[in-house]
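Chains as they are written, first to last, in the numbering used here: chain G, 1 to 324; chain L, 1001 to 1391; chain W, 2001 to 2325; chain H, 3001 to 3085. Structure first, then comments.
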Amino acid sequence: MKTSYRTAVHDALRDALRNDPRVVLMGEDVGRYGGTYAASKGLLEEFGPERVRDTPLSELGFVGVGIGAALNGLRPIVEVMTVNFSLLALDQIVNTAAALRHMSGGQFSVPLVVRMATGAGRQLAAQHSHSLEPWYAHIPGIKVVAPATVADAYGMLGTALSEPDPVVIFEHVQLYNTSADIDAPAPMDISHAAIRRSGSDVTVIAYGGCLPKARDAANELSLAGIDCEVVDLRVLRPLDDDTILESVRKTHRAVIVDEAWRSGSLAAEVSARIVEGAFFDLDAPIARVCSAEVPIPYAKHLEQAALPQPDKIVAAAQSLFGDR
Amino acid sequence: MIEFKMPALGADMDAGTLDEWLVKPGDKVTRGQVVAVVETTKAAVEVECWHEGTVYELLVPLGETVEVGTVLATLLAPGEKAKKPPKVSVKPTAAAAAPPPATVPTVAPAAAHRRRWVSPAARRLAASLGVDVEAVSGTGPQGAVTISDVEHAAASAEKPKTKPTAADRATQMRRSIAAAMSRSKREIPHYYLADEVVMENALTWLTTRNAERSITERVLPAVLQLKAVALAAQRFGEFNGFWRGDAFEPAAAVHVGVAISLRGGGLVAPAIHDVADKKLDELMSDLTDLVARARAFSLRSSEMSDPTITVTNLGDIGVDTVFGVIYPPQVALVGFGKPAQRVCVIDGGIRVVTTLQATLAADHRASDGHRGALFLAAINELLQQPDVLEK
Amino acid sequence: MTDAELARGLLSDMVRVRRMEEKCAELYGEAKIRGFLHLYVGQEAVAAGSLRALSADDAVVATYREHAHALLRGIPMTSIMAEMFGKQEGCSRGRGGSMHLFDASTRFYGGNAIVGGGLPLAVGLALADTMLHRKRLSACYFGDGAVAEGVFHESLNMAALWQLPVLFCCENNFYAMGTALERAQSQTDLTAKAAAYRVPTIAVDGMDVVACRDAAQQGAQHILNSGGPFFIEFRTYRFRAHSMFDPELYRDKAEVEQWRKRDPIPAFIKQCLGEGTLTDDDIADIEKAADAEIEAAVAFAEAGTWENIEDLQRDVLTPAEEPVA
Amino acid sequence: MTARIDIREEVLSVLTTIAPEVDAGDVEDDVLLRDQVDLDSMDWLNFLVGIHKRLHVDIPERDYASLRTLADVVDYVDKHALKPN
């Protein structure tokens, strides 16, 4: 049976709340409203307003509250609705959650999970469409994950909750309506990248909302005789260098797809690591497909033009083959 | 045993392809004899041998592209006896790895001093297969050599070679020029000087001289310029020679490279030898011959490899002043602009005379502006005395 | 201004907004308008009444529920509609959409889609006016949800501390998206929060357009006299969902029905007919004019053009040759 | 007239050996030749030497300056070559 990404997130939250009484879910409209993306529908009824807690629009405050609660025996899942609003809470995430263990000399770990939606594609314009997860991936002291599949949407949350340190989960808005057959939902690791498609000619590295686009591009490239290996980063911090480098050593070519802007992006980091770790295996320059360096515009055709698309990935991959 | 090696026919040449052997084992070779034709990015060049002897063994088969310095043939010095019978056809590269370095059909020789674009993985593979990447043509992004190019090269090592097409040559030449000029601008701290030269004396003298002659014996003003530069370069040795390693090596003779633009684009600057010692008529005939052969892509190795200083004359095209880019490893380039009537103050009076701008682009590592100014002044001075140039 | 003129103006403003918003809902269904669409239906009396108290060169900062404010400050409905269609004839060139209407010529500093984001902006506008000795005010519209943001408190504090001419217009529709006021606020009397920063306040029935006008006039007058800020809590209600994506699980239908009985437009019509300030013909004329305006606006938007994709990266930074205010 | 046409063809033939990229059909009679065709002083000299050899015309130094267009050269050849020596 098909399960949607949205349902997988929902079931993961429900099972987390069922399995561990210390788990609480808090955030804007997670309760009565059922979650902005309907991921927590029905949870208020099952677990009550103590454990499924609607917060005021006070992002800095309630993320900080989550940190305090995590320090003191709870296992909070804080939902910040979207990455754009998370900027209001950035101080608590960066200056407190990420730094606390280190600056306390290892005394205080923060077992906190922060979830948020990210990404563009729904014509929400320049204040609701950005992909700022590379900023989070810059910060030591947190783990950053980006489930791109239904199985990961379910399985990464539970694992994140079992971590002793803060984990930030990015769910791309365009993924909620995707669905897939999964057998029994199961915990998924949050330390490795995954090979989503095996191939020999070029490694296409993507994560989150770009993974389906990378897969589409790979299918199209296969018709042109280019056999793509698709790597899903899954974990944006710490990066799984081994999987990335092993794939590039095999294919000798890499295209990195990242919905964030190219300058200072995760794509830049991955690219640098490939050059550091597999330079002598490269048979072509590294190519990147990222968003145009512009705040995401409202008009649909402009928004689509600003974002990575399968045809751009195809073109980038083909450019690595010269005139063969 | 004398080793005859692939000569470096210019700063931008890394390798050459053997087009033709003009000798065979057992032939006697005299000093300066043309013994082979080598295809470079710029031209098919006749290569002279500067040793006297008897050809013992030809080591590089036709069509093979080899690096500069590779032994092409061995010669027995006069009186020398062979110690063992010659092998049939051995492959001689410096590295001499077990599998012979392969070459590829339709390969134009490697471009230039700009490092070729070879993917890191292709470079490593080539090393392990013993393939000379410099001889592999690239089909990857931006023409880079890729793994598959190296594999093809290794697989088709035995296939015969075909000559580069004109389009290949143009592309290769562009790359050569790009490489040499980039290297120049990257490495050479140029300084530039200019001086106005009154050409009245020289041109009047030349017109009179030409009036007495048939058109076939006529001499162009460019020849006076070449001679003046050569004579001045003899006196100012720091502009005549090469910067190699970290030091200037003065040249004994003055071989003036003449910048010759090719129809359809491209440029070569082959040398006229011993310019300072030649009379004007001889220089004129050398120049005519050189231009014709340059445009026919038929130059000799020594012409390509040993200019000690270069002269460029863009005055013909109508520009007033040319500031050149030095051709490494040379250290100076003299430019001449268009002769035109200009108002000058001469001996306290105002006169309309024909003048041109002479310029010097020089390597500041080898010389300084003060000496450069004196050098340029000497050229100017010589151009005022055409009869001195005649000698 | 006679009572009849004022009544006609207020009613016309509310009707224009109501009809435009209803048209937007329709167009959203046809996928002509996309993204988030937050409608103002039910709250018309607040914008219609309060904006009438402002002078032409006062500034307005609004939220993502700002179509009414944009229209009533004088942005033509044509360019608002074109913006929502994403056409380059739109007031933000199609770059902003429904949530980001901007217009420099009317000093409309836009729809801001980050809750509370407009508050400090308005304080800054007022700071500049004070320092540059201009006699004008900056009106800042925001919802009850914004009151929970830290920046609300920071902004009120600075406006009061530095005595800046800001008219804080809190449109309390009792829901921060889906969270009811009493579940988000320990103190539900929002004027008390402003009072804590020593900002003079008034609370007013946001369903009564005349009361809204009077309150805003009082606030504007206070600012003019004192130079310092003023805070108005408009108690109002939105009849439609928070946005087009909202299943409205958080409030009772009965509650919505109760408020609908207080719809500001029929209420004001009834009042005017009763007082004899307007006739049935006047009302019919107003509705007819609004319909014609909307028809023209939709036609304009339909006829608008899509910006060239080659221009995607324009307006990221200011070109060197462009003067900056 | 026939002679003139022949001369013109010969002159163009000399020109295209110097400048092979030139299409003889495109050369205009009354436009400065060195503006139409990329010829430096060496090319120009070779061109006139070619005329001299092919058409048996001597071109003394003093006449150099008067030869500027194709028509000039054709006229010059026409006048001087046909004269018995």
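Beta carbons: idealized from backbone N, C-alpha and C, even for Gly.
Problem set entry | Where W1243(L) sits in the DSSP three-state scheme | strand
Exercise. Name the residues in the segment 1129 to 1145 of chain L whose C-beta lies less than 8 Å from a C-beta of chain G; which are they?
Worked result: G1138, T1139, G1140, P1141, Q1142, G1143, A1144
Exercise. A1095(L) to V1034(L), Cα distance in whole Å?
Worked result: Its pLDDT being 38, under 50, A1095(L) is placed unreliably in this model, and the value from its coordinates should be taken loosely. Using only the alpha carbons, I get a separation of about 28 Å.
Exercise. At what residues does the beta strand (DSSP E) containing F2108(W) begin and finish?
Worked result: 2108 to 2112
Problem set entry | C-beta atoms of T1065(L) and E1020(L) nearer than 9 Å | no
Problem set entry | Nonlocal neighbours in the same chain, by C-beta distance under 6 Å from M2244(W), ignoring five residues either side | Y2028, L2037
Problem set entry | Host alpha helix (DSSP H) of Q3036(H) (start-end) | 3033 to 3036
Exercise. Per DSSP, E2171(W) is paired with what?
Worked result: G2143(W), F2234(W)
Exercise. G68(G) to D240(G), Cα distance in whole Å?
Worked result: 30 Å
Exercise. Are the CB atoms of I256(G) and R288(G) nearer to each other than 9 Å?
Worked result: yes
For this session: Output the distance between the C-alpha atoms of V2147(W) and E2171(W), rounded to the nearest integer angstrom.
Result: 11 Å
For this session: Ignore the nearest five residues each way along the sequence and tell me which others in Q1234(L)'s own chain have a CB closer than 8 Å to its CB.
Result: N1240, V1254, A1276
Exercise. In three-state DSSP terms, what is H1190(L)?
Worked result: strand
Exercise. Beta-carbon of G1266(L) versus every beta-carbon of chain H: anything under 9 Å?
Worked result: no
Exercise. Going along the chain, which residues of the segment 2191 to 2219 of chain W sit with their C-beta nearer than 7 Å to a C-beta in chain G?
Worked result: none
Exercise. Between V3011(H) and T1359(L), what straight-line distance do the alpha-carbon atoms span, to the nearest angstrom?
Worked result: 37 Å
Exercise. So is A1110(L) buried or exposed if we call it buried at 16+ other beta carbons inside 10 Å?
Worked result: Note on A1110(L): pLDDT 44, under 50, position unreliable in the model; the coordinate value appears next. Buried, by the Cβ-count rule.
Exercise. Mind pulling the chain L residues with CB within less than 8 Å of A217(G)?
Worked result: Chain L residues near A217(G): none, gap ~18 Å exceeds 8 Å.
Exercise. So which residues on chain G does R2100(W) lean against when the C-beta distance must stay under 8 Å?
Worked result: For clarity, residue 2100(W) is His in the given sequence; the question names Arg instead. Chain G residues near H2100(W): A125, A126, Q127, Y298.
For this session: Assess, as a yes-or-no matter, whether the segment 25 to 37 of chain G is touched by the segment 65 to 81 of chain G under the definition of 3 or more beta carbon pairs within less than 8 Å.
Result: yes
Exercise. Which same chain residues, not among the five before or five after G1369(L), have their C-beta less than 7 Å away from its C-beta?
Worked result: Y1191, L1193
Exercise. So V3014(H) and T3069(H) are in contact, right, with Cβ under 8 Å, and what is the actual spacing, rounded?
Worked result: So it is not a contact: roughly 15 Å between Cβ atoms.
Exercise. Curious, which full-length alpha helix (DSSP H) runs of at least 4 residues does the segment 1292 to 1329 of chain L contain?
Worked result: 1301 to 1305
Exercise. Who are the Cβ neighbours of T2063(W) in its own chain at under 7 Å, not counting the five residues just before and after it?
Worked result: G2111, N2112, G2118, Y2141, F2142, G2143
For this session: Pull out every residue of the segment 1113 to 1124 of chain L whose Cβ sits closer than 9 Å to any Cβ of chain G, in chain order.
Result: S1119, P1120, A1121, A1122, R1123, R1124
For this session: Could you spell out the range, first to last residue, of the alpha helix (DSSP H) harbouring R2251(W)?
Result: That residue, R2251(W), is in no alpha helix (DSSP H); it is neither H nor E in DSSP.
Problem set entry | 9 Å Cβ cutoff met for Q2043(W) and R2238(W) | yes
Exercise. Which one of G66(G), L87(G), L157(G), Q123(G) has the shortest CA to CA distance from V235(G)?
Worked result: L157(G)
Problem set entry | Under 7 Å (Cβ pairs) to chain L, residues found in the segment 274 to 305 of chain G | F279, F280, D281, L282, D283, A284, P285
For this session: Give every residue of the same chain whose Cβ lies closer than 6 Å to the Cβ of S263(G), excluding the five residues on either side of it in the sequence, and list them in chain order.
Result: none
For this session: Go through the segment 2162 to 2212 of chain W residue by residue and report every complete run of the alpha helix (DSSP H) that reaches 4 residues or more, in order.
Result: 2181 to 2184, 2190 to 2196
Exercise. Since P1386(L) is in the alpha helix (DSSP H), which residue starts that stretch and which ends it?
Worked result: 1386 to 1390
For this session: Could you spell out where the alpha helix (DSSP H) holding M2084(W) opens and where it closes?
Result: 2077 to 2085
For this session: Could you pull out every residue in the same chain whose Cβ sits closer than 6 Å to the Cβ of T2201(W), ignoring the five residues on either side in sequence?
Result: T2191, A2194, A2195, F2231
Problem set entry | For K1081(L): DSSP bridge partner residues | Paired residue(s): none; K1081(L) is not in a bridge.
Exercise. Does the beta carbon of I1147(L) come closer than 9 Å to any beta carbon on chain G?
Worked result: yes
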